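Quick note on the numbering used here: the sequence shown kicks off at -10 and runs consecutively. Each remark here refers to the structure printed beneath this line.
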Amino acid sequence: MKILFLILLFSLGLFATSAQESEIRSAIMKKFQQAYPTMQIDHLKIGPVSSLYRKLGDYRVSDVTLTADDLKRSRGNAMVTFTRGAKKRKLYFKYRLDAEITLYTAATDLQRGRAITPETVLQKTLPFTTLYHKPNTEEAFYHYVARRTIKADTILSPDKLKKRTDIQRNDKVNARISDGGVSLSFEATALQAGNVGDIIKIRKDYKRRFKARVLSNTQVEVLQ
């Protein structure tokens, strides 16, 4: 009878730790997929760093922590918090992720200021090993430009791009001026760069200059 009890107790311990590991594995996968929505995880191997884990069969997993640096690599250590009532234990678990991630690379060398569009990039699915910067998604299309020259096949990430300015210096713009009930429009040259809502200087000809509020990437409103 005593032997049967010990076997049952041992089996319950294995079941508890197996359930804990499943929960830890799910939490790690969820954090990576939240960080990289296009990631496809094939396999995730985990293991406790300390043998103390085997003594926590009656504890529950209350938190799994990965730092920003952890999420840049396919292998590392996750800190897991176990609780039982008021008691709390923290242990590290090693993990190794086998996954692929879909991202965008430069189709050709992109010069500084070149707009990011579907025509200037290639979509690729690559093994996930190390990513020092979170890759850009299609949301960057038309809204960002190359911060500096980007070599072909380079992964596009925020450190390599900057938000596109609605109006660039020397752009031709349509300027609107209103006086009472009369509204006139004329073509002008932007003397400064600016985004919607900004006030910039424009030039109608070589002598006449105005201050204007940017309304869109082609229109401004002259301020009186």
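The beta carbon of each residue, even a glycine, is placed where N, CA and C say it ideally should be. This one's a predicted model, so the numbers in the text were calculated from it and none came from an experiment.
Cβ-based burial, residue i [other Cβ within 10 Å; buried from 16]
| i | result |
| --- | --- |
| K113 | exposed |
| D47 | exposed |
| Y121 | exposed |
| I188 | exposed |
| Y195 | exposed |
| Q9 | buried |
| A135 | buried |
Nonlocal neighbours in the same chain, by C-beta distance under 7 Å from residue i, ignoring five residues either side
| i | result |
| --- | --- |
| N163 | S174, E176, T207 and Q208 |
| R158 | A179, L180, Q181 and A182 |
| P107 | F130 |
| M18 | I30 and L33 |
| Y25 | I90 |
| P116 | E89 |
| P37 | L80 and F82 |
| K61 | T119, L120 and Y121 |
| A16 | V53 |
| R192 | A177, T178, L180 and R198 |
| S146 | H122, K123, P124 and N125 |
| E12 | V50 |
Where residue i sits in the DSSP three-state scheme
| i | result |
| --- | --- |
| P37 | strand |
| Y121 | coil |
| Y131 | coil |
| Y42 | helix |
| I13 | helix |
| K19 | helix |
| K140 | coil |
| L145 | coil |
Own chain, CB closer than 6 Å to residue i, minus 5 neighbours either side, in chain order
| i | result |
| --- | --- |
| V211 | A164, I166, F199 and A201 |
| T91 | T27 and T114 |
| T70 | S51, D52 and K79 |
7 Å Cβ cutoff met for residue i and residue j
| i | j | result |
| --- | --- | --- |
| L33 | S63 | no |
| N66 | Y81 | yes |
| K152 | Y133 | yes |
| T94 | L111 | yes |
| P124 | I105 | no |
| V185 | D155 | yes |
| I139 | L99 | yes |
| I35 | R49 | no |
| L55 | K20 | yes |
| R101 | R137 | yes |
Beta bridge counterpart(s) of residue i as assigned by DSSP
| i | result |
| --- | --- |
| T54 | M68 |
| T91 | T114 |
| A177 | V162 |
| Q29 | E89 |
| K190 | K200 |
| D168 | V171 |
| R73 | K76 |
| E210 | R165 and R202 |
| I105 | None, per the DSSP bridge assignment. |
| Y81 | M68 |
| L150 | A135 |
heavy atom of the ligand SAM below 6 Å from residue i C-beta
| i | result |
| --- | --- |
| D187 | In terms of ligand content, the structure shown is empty, and the ligand SAM therefore cannot be addressed. |
Own chain residues within Cβ distance below 8 Å of residue i, not counting five before or after
| i | result |
| --- | --- |
| D59 | G65, N66 and A67 |
| E22 | What sits at residue 22 in the sequence shown is Gln, not Glu. Correct list, in chain order: M28 and I30. |
| T109 | A95, A96, T97, L99 and R103 |
| S39 | L80 and Y81 |
Residue-level contact to chain D via CB, residue i, 7 Å cutoff
| i | result |
| --- | --- |
| N66 | Absent from the structure is chain D; it holds one protein chain and no more. |
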